[in-house]
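**Q** Structure provided below as structure tokens; questions to follow.
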Amino acid sequence: MSSSETATDTDTDAATAEAPLRDEGREATLAQVTEVFGDAIVGSHIRPGDDLWIRVVRDSWVDVHEFASRRLGCTYFSFLSGLDWLPSPFGRDMDSQEDIITQGTEAKELPPMTTGYAGGDTRFQVFSRLNSTSEAFGITFKTDLPDDDLSVRTLVPVFLGAAWHEREAREMFGFTFVGHPYPVNLYLPGAFEGHPLRKDFPLLSRRVKPWPGIVDVEPMPGDDSADGDGDAE
Amino acid sequence: MTATVPDNQQLAYVAAKAADARVNVEFESEGMTLNIGPQHPATHGTLRIVAKLDGEQVVSCEPIPGYMHRGYEKLTEVRTYPQVTTLVNRLDWVGSFANEVPFILAAEKLMDVEAPPRAQHIRTILFEMSRLANIVLFLGDLGAQMGGVTAVFYGFRDREFVLNQIEAVTGGRFHPNFDRIGGIKDDLPKGWIAETKVAMDKVLAFCDQIEDLLIGNEIFQMRARGVGVIPADIALSYGLSGANLRASGVDWDTRRDNCAPGLVYDKVDWKVITHPDGDSFARCWVRLQEVRESAKICQQLLDTIPAGPIMAKVPRIIKVPEGEAYVETENPLGVMGYYVVSKGELTPFRVKIRTPSFNNISVVPWVAKGVYVPDVITILASLYFILGDIDK
């Protein structure tokens, strides 16, 4: 990315033209990554003027971070965590009442599993975010973990700060970070069983008793028409 | 930029593992293991630190968080979007309004809603005032950590001026829960702007006082200068943020560099403070100067609040369209971000909370290696963490 060129363009053009310009910058960044990694980039998503998502194959996970750190100027490690795309079978247990209140229908059936930006083929994803402190943009990297082998190489050799984030993702999702220097629980007690942030881990307090705040979504009298329905706009 | 795990990091992990024996003080042939916390005045909260000592020197040091983990990331999945602000208020509990803002901004980004200018102004003012409430307390508390109790009373006294103003608008001193998707809950009360200007003057006077009393104090400087030096590449690699990063000479502030839409930092004249040293003193000094800048931002914004509505038109029942958004803001403790994944439901599908203290404290094993025991306390104090912000 040539920052000087972008800067002069922004100065001369009207401020309204900024969004497509930033988009070009992100496209250039994506092209740079694609040029080096080729087929290892399995998905990407750009929201113009806002953000960039890149999904890589698992084997390139560490390499793409090293590349971003050394060649793209993304030296700032922001966070790493996991995503479980399984539609929650437990989380809406008592909250299904919401459906009855807002739509007057029975509780919904579970929707099919869908994934977010940059796609995904499996249930679990690891994602991380790097920032460039000099050019003020960020990239979200994602990678799929196959269901039978929830492991990925550790990022600690590239970013020291990944150590704690990987320990958290390890205990919360049950991932394995191969080569992690100290793979023990960070928050949870050592003997804790289960992985709380997985969608099939029940939130027990919520199964016993519905959240009292549920009345918040009850339609108010006289508020019945357009505004009462959540997706009126 | 280092590309491999340094020996000291490895050692820190190995030693902390060996030390995890659930005894307070344990004598061993090669040294002593000292447990600081989970209940200890120097940890302000329930952070446990296992330090392995060789005489007075720390061989390795590992913080053990989790004594107050509340599972907010899981809880957000069963709360509606407006209900989430109540939860996230409890992350950094001394500057709580600032916790709500990035989440609301992420939801606004997904819904493609923008708050009216007046709401954006008031939101930015309250955001900066929670920074004042937070850092003024830090500067006072710093005195206690360094062995001088007087500053604590000054900090608590002058923080009240800010809290009173926040309370006058939001009704809450600690947990305002005031930010809404598409605007703010209420307008300003009568006479608030003039009163707040007086409070800002008091905060600036406090800065002068604390600079004379504490930052300029010879004993403080002896204890803080050259202690706990974090070079810029290590700070970036660990993802330190806020004053900790800028004290290492990295000129990056999300308020200036990629200000999230919905806050109006581009409309005021202020500057980002950096310091080249990277030691405990630099971190404290940068925070003190940031309080001054923050008060300046508030003063300017108070003069230019536009008239108009305080809420954009949003549906009463908020459903957020499908998508993903990440918004980060420069909170009192550092960069706080929310990665929100929506499936078009009433509740978020997943919220990853990126808290500043989590990254800031993860550097402790690196920075505390080889220092003397009393310096561990000053380093922790200067890194400045709020336990709720680590434990989520």
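Each protein sequence line maps, in turn, to chains A and Y. If you're matching positions, the first sequence starts at 28 in the numbering used here and goes up one per residue. If you're matching positions, the second sequence starts at 15 in the numbering used here and goes up one per residue. We put the CB at the ideal spot given by N, CA and C, even for glycine.
Return the first residue and the last residue of the alpha helix (DSSP H) that T392 (chain Y) is part of.
**A** Start and end: 387-397.
**Q** Is the distance from the Cβ of A261 (chain Y) to the Cβ of I244 (chain Y) below 9 Å?
**A** Yes, these two residues count as a Cβ contact at 9 Å.
**Q** Excluding the 5 residues preceding and the 5 following I149 (chain Y) in the sequence, name in chain order all residues of the same chain whose CB lies nearer than 7 Å to its CB.
**A** Correct list, in chain order: R301, E304, V305, P346.
**Q** Are the C-beta atoms of N272 (chain Y) and some chain A residue less than 9 Å apart?
**A** Taking Cβ atoms only, chain A reaches closer than 9 Å to N272 (chain Y), which makes this a yes.
**Q** Applying the criterion that 16 or more other CB atoms from any shown protein chain within 10 Å of the CB defines a buried residue, is P370 (chain Y) buried or exposed?
**A** Classification for P370 (chain Y): buried.
**Q** Which residue comes first and which comes last in the beta strand (DSSP E) that contains Y352 (chain Y)?
**A** Run containing Y352 (chain Y): 348-356, per the beta strand (DSSP E) assignment.
**Q** Under 9 Å between C-beta atoms, does T56 (chain A) make it to chain Y?
**A** T56 (chain A) does not count as touching chain Y.
**Q** Distance, Cα to Cα, E93 (chain A) vs R85 (chain A)?
**A** One C-alpha to the other measures close to 14 Å.
**Q** Could you tell me the alpha carbon to alpha carbon distance between V212 (chain Y) and S105 (chain A), rounded to whole angstroms?
**A** Each residue's alpha carbon lies about 38 Å from the other.
**Q** Decide if N178 (chain Y) is buried, meaning its Cβ has at least 16 other Cβ atoms within 10 Å, or exposed.
**A** Flag for N178 (chain Y) reads exposed.
**Q** Between V282 (chain Y) and A120 (chain Y), which are expected to be in contact by the criterion C-beta below 8 Å, what is the C-beta distance as a whole number of angstroms?
**A** The Cβ separation is near 23 Å, so there is no contact.
**Q** Taking the alpha helix (DSSP H) that M199 (chain A) belongs to, which residues open and close that run?
**A** First-last of the alpha helix (DSSP H) with M199 (chain A): 189-200.
**Q** Residues of chain A with CB under 8 Å from D405 (chain Y), in chain order?
**A** The answer, in chain order, is Y214.
**Q** Using 8 Å as the Cβ pair cut-off and three pairs as the minimum, do the segment 308-319 of chain Y and the segment 153-162 of chain Y touch?
**A** They do not touch, by the three-pair rule.
**Q** Use the C-beta contact count for M236 (chain Y): other C-beta atoms within 10 angstroms, 16 or more gives buried, fewer gives exposed.
**A** Exposed is the call here.
**Q** Would you call F167 (chain Y) buried or exposed, if buried means 16 or more other Cβ atoms sit within 10 Å of its Cβ?
**A** Answer is exposed; the Cβ neighbour count stays below 16.
**Q** Looking at the C-beta of Y353 (chain Y), does it have a partner C-beta in chain A at a distance below 9 Å?
**A** Closer than 9 Å to some Cβ of chain A, the Cβ of Y353 (chain Y) qualifies, so yes.
**Q** Quick test of your reading: N373 (chain Y) and G188 (chain A), contact by CB under 8 Å. State the CB separation rounded to the nearest angstrom.
**A** Indeed, because the Cβ distance is near 6 Å, the residues count as touching under 8 Å.
**Q** What residues in its chain sit with their C-beta under 8 Å from that of D280 (chain Y), if we drop five residues either side in the sequence?
**A** For D280 (chain Y), where only same-chain residues beyond five positions count, the Cβ hits under 8 Å are C273.
**Q** Quick check on T181 (chain A): does DSSP put it in helix, strand or coil?
**A** Three-state DSSP puts T181 (chain A) in coil, outside helix and strand.
**Q** Under 9 Å between the Cβ atoms of E195 (chain A) and P210 (chain A)?
**A** Not in contact: E195 (chain A) and P210 (chain A) (Cβ atoms no closer than 9 Å).
**Q** Should W88 (chain A) be flagged as near chain Y, meaning a C-beta pair shorter than 9 Å?
**A** With 9 Å as the cut-off, W88 (chain A) does not count as an interface residue toward chain Y.
**Q** For D389 (chain Y), count the other beta carbons within 10 Å of its own beta carbon; 16 or more makes it buried, fewer makes it exposed. Which is it?
**A** Buried: at least 16 other Cβ atoms inside 10 Å.
**Q** Starting from P77 (chain Y), trace the beta strand (DSSP E) both ways and give me its first and last residue.
**A** Unbroken beta strand (DSSP E) run through P77 (chain Y): 71-78.
**Q** Could you give the DSSP three-state label for K406 (chain Y): helix, strand or coil?
**A** Coil at K406 (chain Y), not helix or strand.
**Q** Please confirm if S262 (chain Y) has its CB atom under 9 Å from at least one CB of chain A.
**A** So no, S262 (chain Y) is outside the interface.
**Q** Considering D226 (chain Y), what are the terminal residues of the beta strand (DSSP E) in which it resides?
**A** Neither: D226 (chain Y) is in no beta strand (DSSP E) and is coded neither H nor E.
**Q** Give a yes or no on whether the minimum CB-CB distance between P223 (chain A) and chain Y is below 9 Å.
**A** With 9 Å as the cut-off, P223 (chain A) counts as an interface residue toward chain Y.
**Q** Around the Cβ of A58 (chain A), are there at least 16 other Cβ atoms within 10 angstroms (buried) or fewer (exposed)?
**A** Exposed is the call here.
**Q** Listed from N- to C-terminal order along the chain, which residues in the segment 91-111 of chain Y have their beta-carbon within a distance smaller than 9 Å of any beta-carbon of chain A?
**A** Flagged, chain order: E91, V92, R93, T94, P96, Q97, T100.
**Q** Just to confirm before moving on: does the CB-CB distance between F352 (chain Y) and Q71 (chain Y) stay below 9 Å?
**A** In the sequence under discussion, the amino acid at residue 352 (chain Y) is Tyr, which differs from the Phe named in the question. No; because the gap between Cβ atoms is not below 9 Å, this pair is not in contact.
**Q** What would DSSP say about F167 (chain Y), mapped onto helix, strand or coil?
**A** If DSSP states are grouped into helix, strand and coil, F167 (chain Y) belongs with the helices.
**Q** Using 8 Å for Cβ pairs, my map puts Y261 (chain A) next to L172 (chain A). What's the rounded Cβ distance?
**A** Since the displayed chain A opens at 28 and closes at 260, residue 261 (chain A) lies outside it and no answer follows.
**Q** Check whether the Cβ of P138 (chain A) lies closer than 9 Å to any Cβ atom in chain Y.
**A** Chain Y contact via Cβ: present.
**Q** Can you find a C-beta in chain A that's less than 9 Å from the C-beta of V377 (chain Y)?
**A** Judged by the 9 Å Cβ criterion, V377 (chain Y) is in contact with chain A.
**Q** Identify every residue that forms a DSSP beta bridge with T203 (chain A).
**A** For T203 (chain A), which the question treats as bridged, DSSP gives the partners A:S178.
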